[in-house]
Amino acid sequence: MNQEIRLRFAPSPTGALHIGGLRTALYNYLLAKKLGGKFILRIEDTDQTRFVEGAEKYIIDSLIWAGLVPDEGVGFDGPYGPYRQSERTAIYKENVQNLINKGYAYYAFDTPEELEKMRAELATEANTMPKYDYKSRLKMKNSLTFSKEDTENYLQSGKPYVIRLCVPVNEKVQIKDIIRGEVSFQSEELDDKVLIKSDGLPTYHLANVVDDRLMKISHVVRGEEWLSSTAHHVLLYRYFGWEAEMPEFAHLPLILKPNGKGKLSKRDGAEFGFPVFPIDWKKDNDYFPGFREFGFLPEAVLNFLALLGWNSGTEQELFSLHEMIQNFSLEQIGKGGARFDFDKAKWFNAQYIQKSDPEIIKREILKLYKEQNLDPNETQINIIYSLYKERVHLLTEFYSQAKYIVTDQFDLNKDFVEKKWNNDAYEKYLRLIEDLKNLDNWTKERLEPVLKNFMEKESLKMGEVLPSLRVMLSGTPMGPDIYNMILALKREDLLERIEKNLEKLKTAK
RNA sequence: GCCCCGUUCGUCUAUCGGUUAGGACACCAGAUUUUCAUUCUGGUAAGAGGGGUUCGACUCCCCUACGGGGUACCA
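In our numbering, the protein residues as written are 84 to 592.
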């Protein structure tokens with residue numbers, strides 16, 4: 084087999100792309116690039132009832148943010164378009180006609196009510212969910228039970244109908260899955276899947292097989308939720324006469340909720356306090372901040388996602404996209420579902436903040452402050468970066484922790500005020516301010532003796548003075564080296580700020 | 001209910017019949033930072049249970065349990 088390598092990521096535009104989808108895209112991208120092939124974006128918009136405005140653009144924007152830019156697809160062109168399934172209905176109809184001619188598909192005229200009735204009537208204890216299959220199809224209204232004339236008449240009448248796959252009896256359907264090995268189904272267990280819906284649009288099953296064939300897809304890498312229906316897909320390939328050139332299949336394990344109970348869903352973000360979307364998603368009155376808004380670098384998200392299920396077989400944890408491509412293989416993907424671990428995601432991000440080109444991080448810092456209507460100068464940005472790059476896990480912390488360098492608008496840490504601050508020290512700090520005022524030419528070397536003196540004279544410990552001073556300076560008792568913090572501010576501003584916040588501490592207590 | 005897939009430290013995982021079961025996150029302790037964070041060092045911690053196969057099983061087979069997915073004119 085010496086065919087071109089082509090992989091597709093095929094989401095449906097029913098809402099924001101979630102992080103599991105992004106991982107699927109990543110694995111497709113990695114394999115495509117590893118094998119020197121193409122990465123294709125196909126939009127599976129065959130369900131008009133679930134169509135969500137803006138979702139398609141969101142998917143594209145997310146992929147671009149993450150750096151997984153398609154070679155072909157919706158928004159990127161290519162020789163196998165259109166890449167939007169809603170624009171390919173004629174193709175599906177033509178192909179399904181071929182199936183009907185060969186007797187592998189048939190028309191079905193049952194209304195939703197009639198289907199429901201069938202399920203209710205046929206339900207037994209041993210089979211609580213009866214299917215439209217070899218057992219029931221001859222009891223239903225379809226071209227198998229209608230005479231030729233009746234079928235013709237029905238079709239002409241303009242009444243709605245669907246086209247179903249006629250699944251055989253007593254056949255073993257085998258699937259070769261790169262991740263799971265051989266998986267087999269007995270055909271009696273399979274239902275007569277709808278291929279064309281009454282609105283004339285295809286279902287996923289038909290559309291994905293036809294498109295994968297026509298778009299010359301070499302590998303289908305998708306979520307585990309598709310494993311069961313792959314048997315139907317194999318049958319379709321067979322009936323179309325394409326079985327010998329079927330793509331290879333790989334079904335990915337799912338990303339689970341942190342508590343392991345079920346797959347990660349869109350609502351979990353709000354519940355557990357972490358992002359589940361790459362970038363922010365606004366819909367009606369809902370707003371979901373994404374990884375980007377939480378302060379993640381895309382490289383970190385990719386690295387985190389890649390390792391959620393895949394490993395290189397070595398002890399390396401940090402991979403650039405390029406290294407991931409070099410090392411990737413589907414065989415190295417685990418079979419079990421992986422729980423989402425936000426702590427680990429943050430750890431990756433901290434690593435990337437430290438590793439990344441300082442200019443990129445500084446640009447992000449500036450953006451962050453601009454969003455808050457602050458305009459730090461270059462010197463301040465440099466100070467923020469160098470003082471905090473080893474302390475933060477999220478880019479947003481460059482603002483939340485370091486904004487005191489740019490503004491004096493911040494609250495004093497409540498916990499400190501209540502538990503640590505003692506008003507007995509008030510007078511002492513007044514005297515420190517005097518000492519500082521009397522000191523000119525501030526440098527670390529000149530400040531140090533002043534502070535040491537102060538502690539000795541007032542019999543205060545480092546552990547009391549440093550947090551207290553930090554609170555007066557920045558609002559929180561934690562932070563980088565105190566001298567660096569002091570020197571990060573202008574002398575007059577600093578003195579003024581300490582005085583002001585010392586008063587605040589006193590009155591707040 | 002039925003079908004399919006899965007199950008190694010709390011979490012992500014390595015191991016592809018013979019290892020003191022390794023690494024990472026988290027956690028704990030010590031060192032450094034005369035504070036916090038970072039960093040460094042060390043530590044706690046795992047093969048769901050039961051049967052086989054084998055000289056030998058985390059690795060292979062079967063059963064059970066548990067988890068997940070599917071069972072739509074949704075993808």
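Virtual Cβ for every residue (Gly too), placed ideally from N, Cα, C. Since this is a predicted model, take the numbers as computed values, not measurements.
Could you say if the segment 91-108 and the segment 141-152 meet the contact criterion of at least three C-beta pairs nearer than 8 Å? Yes, since at least three Cβ pairs between the segment 91-108 and the segment 141-152 fall closer than 8 Å, the two stretches touch.
For residue 325 and residue 296, I'd like the C-alpha separation in whole angstroms. Cα atoms of residue 325 and residue 296: separation of roughly 8 Å, rounded to the nearest angstrom.
Which full runs of the alpha helix (DSSP H) of 4+ residues lie inside the segment 311-379, going along the chain? Whole alpha helix (DSSP H) segments, 4+ residues: 313-323, 351-355 and 374-377.
Nearest-angstrom Cα distance between residue 327 and residue 184? Near 21 Å, if we compare the C-alpha coordinates of residue 184 and residue 327.
Could you name the residues of the same chain whose beta carbon sits closer than 8 Å to that of residue 417, not counting the 5 residues immediately before and after it, in chain order? Within the same chain, residue 417 has close Cβ partners 336, 392, 393 and 394.
Between residue 90 and residue 115, how many whole angstroms is the CB-CB distance? I'm expecting something under 8 Å. A Cβ-Cβ separation of about 4 Å places residue 90 in contact with residue 115 under the 8 Å criterion.
If you drop the 5 nearest sequence neighbours on each side, which residues of the same chain put their C-beta closer than 6 Å to that of residue 425? Close CB contacts of residue 425 within its chain, under the 6 Å cut and outside five residues either way in sequence, are with 357 (chain order).
Any 3 or more C-beta pairs closer than 8 Å across the segment 329-348 and the segment 117-126: No: fewer than three Cβ pairs fall under 8 Å.
Give the straight-line distance between the Cα atoms of residue 461 and residue 284, rounded to the nearest whole angstrom. Approximately 57 Å, taken between the alpha carbons.
Length-filtered (3 minimum) beta strand (DSSP E) runs lying within the segment 248-285: Segments of the beta strand (DSSP E) lying fully in the segment 248-285: 255-260, 264-269 and 277-279.
What residue range is occupied by the uninterrupted alpha helix (DSSP H) comprising residue 593? There is no way to answer for residue 593, as the model of the chain reaches only from 84 to 592.
In whole angstroms, give me the CA-to-CA distance for residue 515 and residue 494. C-alpha separation (whole angstroms): 22 Å.
Taking C-alpha atoms, which residue in 435, 419, 413 and 414 lies nearest to residue 403? Residue 435 is the option with its Cα nearest to residue 403.
I'd like to confirm the pairing. Which residues does DSSP put opposite residue 416 in its beta bridges? Partner(s): 393.
I'd like the list of long-range same chain contacts for residue 343, defined as Cβ closer than 7 Å, with 5 residues on each side in sequence excluded. Taken in chain order, the residues that qualify are 422.
Quick check on this structure: which residue in 571, 552 and 561 has the alpha carbon closest to the alpha carbon of residue 582? That would be 552, whose Cα lies nearest to the Cα of residue 582.
Thinking residue 256 and residue 314 are a contact (beta carbons under 8 Å), I'd like their distance in whole angstroms, please. Correct: roughly 4 Å between the Cβ atoms.
Start and end residues, alpha helix (DSSP H) containing residue 580: Counting along the chain, the unbroken alpha helix (DSSP H) around residue 580 starts and ends at 574-591.
Cα-Cα separation, residue 305 to residue 489: Taking the straight line from one Cα to the other gives about 47 Å.
Tell me whether residue 127 sits in a helix, a strand or coil according to DSSP, three-state version. Residue state, collapsed to three classes: coil.
Looking only at DSSP bridge pairs, what is residue 147 linked to? DSSP output for residue 147 lists no bridge partner at all.
The beta strand (DSSP E) with residue 89 in it runs from where to where? Unbroken beta strand (DSSP E) run through residue 89: 89-92.
DSSP three-state assignment for residue 553, whether helix, strand or coil: Three-state result, residue 553: helix.
Can you list, in chain order, the residues of its chain whose CB lies under 6 Å from that of residue 138, leaving out five sequence neighbours each side? Here the set comprises 96 and 98.
So is residue 386 buried or exposed if we call it buried at 16+ other beta carbons inside 10 Å? Counting C-beta atoms within 10 angstroms of its own C-beta, residue 386 has 16 or more neighbours from the protein chains shown and is therefore classed as buried.
Residue 300 - DSSP class collapsed to helix/strand/coil: Residue 300 falls in the coil class under three-state DSSP.
Under 9 Å between the Cβ atoms of residue 560 and residue 554? At the C-beta level, residue 560 and residue 554 come within 9 Å of one another.
Could you give the distance in angstroms between the alpha-carbon of residue 451 and the alpha-carbon of residue 414? Each residue's alpha carbon lies about 41 Å from the other.
Taking the DSSP output, what are the residues bridged to residue 156? Residue pairing from DSSP places residue 156 in a beta bridge opposite 124 and 160.
Residue range of the alpha helix (DSSP H) that includes residue 433: That run of the alpha helix (DSSP H) goes 425-438.
Going by CA-CA distance only, name the one from 86, 467 and 101 that's closest to residue 349. Nearest C-alpha to residue 349: 101.
Taking the Cβ atom as the reference point for each residue, do residue 263 and residue 310 lie within a distance shorter than 9 Å? Using a Cβ distance threshold of 9 Å, residue 263 and residue 310 count as a contacting pair.
So the alpha helix (DSSP H) residue 487 belongs to, where does it begin and stop? If you look at residue 487, you'll find it isn't in any alpha helix (DSSP H); DSSP assigns it neither H nor E.
So residue 223 packs on residue 213, CB below 8 Å; how close in whole Å? About 11 Å; that fails the 8 Å criterion.
Which word fits residue 86, buried or exposed, when buried means at least 16 other C-beta atoms lie within 10 angstroms of its C-beta? Exposed, by the Cβ-count rule.
Give the range of the alpha helix (DSSP H) segment to which residue 203 is assigned. It spans 195-205 - the alpha helix (DSSP H) in which residue 203 sits, taken as one unbroken run.
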